[in-house]
Amino acid sequence: MSDRIDSDAARAGAGRNLPPLRLHVPEPKFRPGDTADFSDFDIPLAGAQARPDETTQPGEMRDLAYGLVRVLDEDGAAVGPWDPKLPPETLLRMLRAMALTRAFDARMFRAQRQGKTSFYMKSTGEEAVSIGAAAALASDDMCFPSYRQQGILIARGWPIIDMMNQIYSNKGDRLKGRQLPIMYSARDAAFFSISGNLTTQYPQAVGWAMASAARGDTRIAATWCGEGSTAEGDFHSACTFASVYRAPVIMNVVNNQWAISSFSGFAGAEATTFAARAIGYGIAGLRVDGNDALAVYAATRWAADRARANAGPTLIEHFTYRVEGHSTSDDPSAYRSADEASHWPLGDPIARLKKHCIALGIWDEDRHAAMDRELAEMVRDAAREAEKNGILGHGLHHPMESMFEDVFEEMPWHLREQQQKMLDEWKAAGL
Amino acid sequence: MEGSRPVSDMMSEAVTEARGDTVQMNMIQAINSALDVMMERDPDVVVMGEDVGYFGGVFRATAGLQQKYGKNRVFDTPITECGIIGVAVGMGAYGLRPVPEIQFADYIYPALDQLVSEAARLRYRSAGEFISPMTVRSPFGGGIFGGQTHSQSPEGIFTHVSGVKTVIPSTPYDAKGLLIASIEDNDPTIFFEPKRIYNGPFDGHYDTPARSWAGHAQAQVPTGYYRIPLGEARVARSGEALTVLCYGTMVHVVENVVAEMGVDAEILDLRTLVPLDIGAIERSVRKTGRCMIVHEATRTSGFGAELSALVQERCFYHLEAPIERVTGFDTPYPHSLEWAYFPGPVRIREAINKILKD
């Protein structure tokens, strides 16, 4: 008698009677040439989501991980319990920072096309995600951004000429020309060094928040990644740590639908929402209209207050759309429908906040047009100044020997030797 | 309150009093003492890792620390090495000085991205705005029948990475002094602890009874603060006939083989691989004219390859014989054939005979 516990009979039957197994490979709805049609896209009404108390247990607010927190309605009115009721000057500051971010992106994109630098990444359509959050955080709350949150630096008033110097990798670059354009580091703006490796910043933000809590500090941490890189192990390690130690951290997933050419289905969007990742970890999860600056502000403020009350971390999914290519090295017309962006049902974040301000009577079209002109000039002037420090590949870089600095605090013999050899070789070559 | 007692007193193994303020310690006790001293001196030092808190670590290296310094400074972590090192990077950015433990060096691979792309690069990519002053402690090496997932020597992976230091002690005295220097260092440091010699030196003969550190000169360890600078090798034995470059467990194996053979070898315990004490290596090889390299790690692209290249580049006209390498084989660490894999007395003896004849 055999000790095998699988059934030979069932096995034999399986071969004959069961359907063959199938592999599911996700496919986006629209490809190049298709007309994007979002008419079956169910947009929850603005103001319809309940707003629980900041200390609510994650298990009692699970529906918020599947809904969509929205404040601005179709007429530009702020409605419902999530309306942060911001004073006019805050609304206008946010609007200006969003417009400046867009103007900055436009100028730097053009600079790359003109050959002044190697690379650029726009955040068009996602300005509210950065600026709404920056407005809701304290200026010394530590940000661990991904590569498309330049709006945080702009909202925190970091000099745009320093951002440009970094993009041009010139002699004015605070990072000594070592980093790919847009991978800023700005300690004085509580903005962590950006990595090109995805989602590594997630556990780092949790660690920073744990340190702040262990020290009895009051500052919290916030971090951002794209929906595509929620698949990284770092994301899940970070969620586990954040949950285990109830770290005062806000974890933002910017769901802009596309990770280069891979639509969100390749990160699991066909099966569930990204905010719902929070549920398995016992973390509060919010899903937010990422093109609604007031909803982003309100959700961030809710999460920040929750963290400061020692009530634990929050995972926020910002549902938005990447209007432009992934980067200057990408051509989205090769993989997605050309009119997706213009048909995007949640609109444009700047247009929506502008409409709100006009509806409130604190803003008008003329002032907006004047502001856009002023910002374009400001960005142009800053770019001209930055270009005096050099553009990439035109010699005005940091000294050659600086390549060997900051590998270690003190330069060990092998790096000193390599540095000297390089200088000797260039000298011998008459350069 | 337990707080005022030295942590080493709380450990299960008895600590023998020695002269003055030194006591006899095994390597685990010396490491524990280093952590204790640094946690006492610097409130920024935090210890974290799997099982390191209440339990005190699977090898007991962190025993008593949580009791003494509290859970905010000594805590257990989830089982995710990526998370442990990522969190340590964030804590370092905050201003703390984390000492994460990776339970076995074989488990360090999930943390490689955080170590290689983050910790090691942070100072450089932020032009010094942010640093990662962590010291990653991890038991490494074979000789305990750990099979292929509890025996590896991955130091060569880290010496190949710019921005990280690699330190490997071979005695209790060095373990404490080097660990203190590593923790004080403002760069990320990989501190590999040769677990085969945690409890006693190993002469390479696996079939003879294990020895303890009792009576070993290098097991007399000061109870207080001292440091051994990173980047300084130790002459474990001075001699004229040949130079042997080694570190960790292999220092003791080589010492024993040399003694058994009656060869007048100079044995250099490198102690730090990056930064390397190239001056000590050059002085010794120029004196003896013969250079042998012994490590337990796999051979191809192992640290011995780098040592061999450096000696060739710098001491070629002093060499009287080809450089010899005795290393682990380019196979996984086999469980039942551990002692055929381990570069033990048989292979070291052969190599010494060859290099002296050449």
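These protein sequence lines are chains A and B, in that order. Per this note's numbering, the first sequence starts with residue 3, numbered consecutively. Per this note's numbering, the second sequence starts with residue 107, numbered consecutively. Cβ coordinates follow ideal geometry from the N, Cα and C atoms, glycine included. In this text, all values refer to a predicted model and were calculated from it rather than measured experimentally.
Contacts around residue i, its chain only, beta-carbon distance under 7 angstroms, and the 5 residues preceding and following it disregarded
{"i": "A:L394", "result": "K118, T119, S120, Y170 and S171"}
{"i": "A:G327", "result": "D333 and P334"}
{"i": "B:A457", "result": "M398, E430 and V432"}
{"i": "B:R317", "result": "G306 and P307"}
{"i": "B:V143", "result": "I286, G330 and Y331"}
{"i": "A:T57", "result": "R308, A311 and A313"}
{"i": "A:I262", "result": "H328 and D332"}
{"i": "B:S414", "result": "I399, I429 and R431"}
Beta carbon proximity, residue i to chain B, threshold 7 angstroms
{"i": "A:F121", "result": "no"}
{"i": "A:N19", "result": "no"}
{"i": "A:L177", "result": "yes"}
{"i": "A:V208", "result": "yes"}
{"i": "A:N293", "result": "no"}
{"i": "A:A113", "result": "no"}
{"i": "A:S195", "result": "yes"}
{"i": "A:F237", "result": "no"}
{"i": "A:G406", "result": "Gly is not the amino acid found at residue 406 of chain A; the sequence shown has Phe there. It does not; no Cβ of chain B falls within 7 angstroms."}
{"i": "A:N391", "result": "no"}
{"i": "A:E411", "result": "yes"}
{"i": "A:A213", "result": "yes"}
{"i": "A:A216", "result": "yes"}
Close-in-space but distant-in-sequence residues of the same chain around residue i (CB under 6 angstroms, 5 per side omitted)
{"i": "B:S238", "result": "V195, G198, A225, L228 and P294"}
{"i": "B:H441", "result": "G253"}
{"i": "B:I274", "result": "F298, Y353 and G354"}
{"i": "A:A309", "result": "I222 and P250"}
{"i": "B:S276", "result": "G354, V357 and D375"}
Sequence-distant residues of its chain with Cβ nearer than 8 angstroms to residue i (five each side left out)
{"i": "A:L94", "result": "C359, I364 and W365"}
{"i": "A:S239", "result": "Y204 and P205"}
{"i": "B:S288", "result": "T241, K271, V273, T295, F297 and L336"}
{"i": "B:T128", "result": "Q326, V327, P328 and T329"}
{"i": "B:P381", "result": "K271, L336 and G337"}
For residue i, the nearest candidate out of the options (CA to CA)
{"i": "B:P428", "options": "B:P440, B:G395 and B:R455", "result": "B:G395"}
{"i": "B:E402", "options": "B:F422, B:S414, B:A365 and B:E444", "result": "B:E444"}
{"i": "A:Y204", "options": "A:R176, A:G218, A:A244 and A:G179", "result": "A:A244"}
{"i": "B:N305", "options": "B:Q324, B:I289, B:T378 and B:E290", "result": "B:Q324"}
{"i": "A:P147", "options": "A:A295, A:I252 and A:T58", "result": "A:I252"}
{"i": "B:F435", "options": "B:V267, B:L425 and B:G450", "result": "B:G450"}
{"i": "A:I37", "options": "A:A309, A:A384 and A:W346", "result": "For the record, residue 37 of chain A in the displayed sequence is Thr; it is not Ile. When only C-alpha atoms are compared, the closest one is A:W346."}
{"i": "A:M402", "options": "A:A306, A:A52, A:Q422 and A:I156", "result": "A:Q422"}
{"i": "B:Q173", "options": "B:V158, B:V363, B:I185 and B:E187", "result": "B:V158"}
{"i": "A:A273", "options": "A:F237, A:E411, A:F32 and A:Y68", "result": "A:Y68"}
{"i": "A:D107", "options": "A:P89, A:P90, A:E91 and A:E128", "result": "A:E128"}
{"i": "A:T302", "options": "A:D374, A:I318 and A:V255", "result": "A:I318"}
{"i": "A:E62", "options": "A:L70, A:A52 and A:V71", "result": "A:A52"}
{"i": "A:G179", "options": "A:L398, A:F111 and A:L139", "result": "A:L398"}
{"i": "A:L348", "options": "A:N19, A:A48 and A:D5", "result": "A:A48"}
{"i": "A:Y323", "options": "A:A385, A:A340 and A:Q259", "result": "A:Q259"}
{"i": "B:H256", "options": "B:R333, B:P438, B:A446 and B:R377", "result": "B:P438"}
Minimum Cβ-Cβ distance from residue i to chain A less than 7 angstroms
{"i": "B:D293", "result": "yes"}
{"i": "B:P335", "result": "no"}
{"i": "B:R229", "result": "yes"}
{"i": "B:M197", "result": "yes"}
Distance cut-off 6 angstroms: residue i Cβ against heavy atoms of the ligand ADP
{"i": "A:R382", "result": "Looking for the ligand ADP in the displayed structure turns up nothing, as the structure carries no ligands at all."}
Length at least 4, wholly inside the stretch 181-238 of chain A: the alpha helix (DSSP H) runs in chain order: 203-216
Which runs of the beta strand (DSSP E) at least 3 residues long sit entirely within the stretch 15-62 of chain A? Give them in chain order. none
Which residue spans inside the stretch 398-455 of chain B form an unbroken beta strand (DSSP E) run of at least 3? 430-434
Tell me, please, whether the stretch 343-359 of chain A touches the stretch 77-88 of chain A by the rule of three or more beta-carbon pairs shorter than 8 angstroms. yes
Do three or more CB pairs link the stretch 153-170 of chain B to the stretch 150-169 of chain A at distances below 8 angstroms? no
Kindly confirm or deny that the stretch 341-349 of chain B and the stretch 386-400 of chain B touch, where touching means at least three C-beta pairs closer than 8 angstroms. yes
Decide if the stretch 205-224 of chain B is in contact with the stretch 251-269 of chain A; the criterion is three or more beta carbon pairs, one per stretch, under 8 angstroms apart. no
Within the stretch 140-209 of chain B, note down every full beta strand (DSSP E) run reaching 3 residues or more, in order along the chain. 151-155, 180-182 and 203-207
Counting Cβ pairs, one atom from each stretch, are 3 or more of them under 8 angstroms apart for the stretch 167-187 of chain A and the stretch 222-234 of chain A? no
Do three or more CB pairs link the stretch 356-363 of chain B to the stretch 407-426 of chain B at distances below 8 angstroms? no
3-residue-minimum beta strand (DSSP E) runs that sit fully inside the stretch 235-287 of chain A, ordered along the chain: 251-257
Output the residue ranges of the beta strand (DSSP E) runs that lie fully inside the stretch 243-328 of chain B and measure 3 residues or longer, sorted by chain position. 271-273, 295-300 and 326-328
If we count Cβ pairs, one from each stretch, closer than 8 angstroms, do we get three or more for the stretch 146-160 of chain B versus the stretch 173-183 of chain B? yes
So, do the stretch 131-138 of chain A and the stretch 279-297 of chain A have three or more beta carbon pairs nearer to each other than 8 angstroms? yes
Beta strand (DSSP E) runs wholly inside the stretch 298-330 of chain A, at least 3 long, in chain order: 316-321
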